[in-house]
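All the letters of the sequence shown, read from the start, carry residue numbers -20 to -1, 1 to 202 under mature numbering (1 follows the signal peptide of the UniProt record, and there is no 0). Okay, so here's the structure we're looking at.
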Amino acid sequence: MKKTLLLTWLFCAVTFASFAQDPPKSKGRNTYLKVNPTTLINELDIYLEQEITDKISIELGVSGIYTDYPDYVLAKKIDIGQKKPDISTEQFVNARGLGFRAGLRWYLISRETGPSSAAGTYFEPVLFYKRVFYPNEDIVNNNTTYTSSADKNVFGFQLLLGRQFRKDKFILDPFIGLGLRSKIYQYKTYHQEVNGVSVNDGRMVSVLPSLHIGIKLGLKLR
């Protein structure tokens, strides 16, 4: 996983350096502010895209996570023989977290050089990180309180293909892509037993491919 992320970063750096050598043109570069409504079921994703050249832009994103219920469905309700984290439904539902992502967008066909029917088509490698905090849960046994706690780190990358449409100041940005993500759950969970309290102090790592289909809506700031 670390080698894959390193290679993706190197690809981004080499691509950016090759285009950075092009002499800048006199016209101003556009800045776009976008949101992703397809993820509103569990988080608010906000993106800022800044054009660097006619074909290259940098897109940065931040996510505010207000529930992790979709991951509960994938991790615990869909049984394909995988190991499951010892985290309760209530902890998944009431989770909170933050996410960050960075992408290097390469417009394969620019508006200046290509036909209008294909202008705005792009390829974008993206790296992202999410940190999710699950609320503590207490159980009491023989006047002693035991607190269950858990958190999750998510690392991954995506390879996206999309087309950004622009009408005056409005942006429509549908995309599709593939990716790979690693989820690292850490938890210390107490369970009430007949003879007392048992504890599960565990760590679970899940590495799986991912499919991404979505659309971003936004405005041109300048």
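Every residue gets a Cβ at the ideal spot worked out from N, C-alpha and C, and that includes glycine.
Going by beta carbons, Gly159 and Gly136 fall inside the 8 Å limit. The segment 26 to 39 and the segment 162 to 176 do not touch, with fewer than 3 CB-CB distances between them shorter than 8 Å. With respect to the C-alpha of Pro105, the residue from Thr18, Glu39 and Glu70 having the closest C-alpha is Glu39. Phe103 is the residue among Leu107, Arg76, Phe103 and Ile21 whose C-alpha sits nearest the C-alpha of Leu88. The Cβ atoms of Thr125 and Asp118 lie closer than 8 Å to each other. Ile151 is a Cβ neighbour of Gly198, given a cutoff of 8 Å. The alpha carbon of Asn122 has as its nearest neighbour, out of Val174, Pro115 and Asp153, the alpha carbon of Val174.
Apart from sequence neighbours up to five positions away, the residues of its chain that approach Lys149 with a beta-carbon distance below 7 Å are Leu199 and Lys200, ordered along the chain. CA-CA distance, Val53 to Thr47, rounds to 12 Å.
The three-state reading of DSSP puts Leu54 in helix, counting H, G and I together. As summarised for the segment 77 to 119, there are no continuous alpha helix (DSSP H) elements at least 4 residues long confined to that stretch. Annotation for Thr127: no alpha helix (DSSP H) segment contains it, though the beta strand (DSSP E) segment containing it runs Thr124 to Arg143. Within its own chain, the residues whose Cβ lies closer than 7 Å to the Cβ of Gly44, once the five positions on either side in sequence are excluded, are Glu23, Leu24 and Leu78, listed in chain order. DSSP places Thr69 inside the alpha helix (DSSP H), whose first and last residues are Thr69 to Val73. The distance from the Cβ of Asn133 to that of Arg161 is about 11 Å, inconsistent with a contact at the 8 Å cut-off. As computed with DSSP, Val179 is found in a beta bridge with Tyr170. In this structure Phe72 touches Asp51 by the C-beta definition: roughly 7 Å separates them, less than 8 Å. Taking C-beta separations shorter than 6 Å and ignoring five residues to either side along the sequence, the partners of Thr127 in its chain run Asn116 and Asp118, following chain order. Note that the C-beta distance between Asp153 and Lys14 is below 8 Å. In this structure Phe113 is in contact with Arg76, their Cβ atoms being roughly 6 Å apart against a cut-off of 8 Å.
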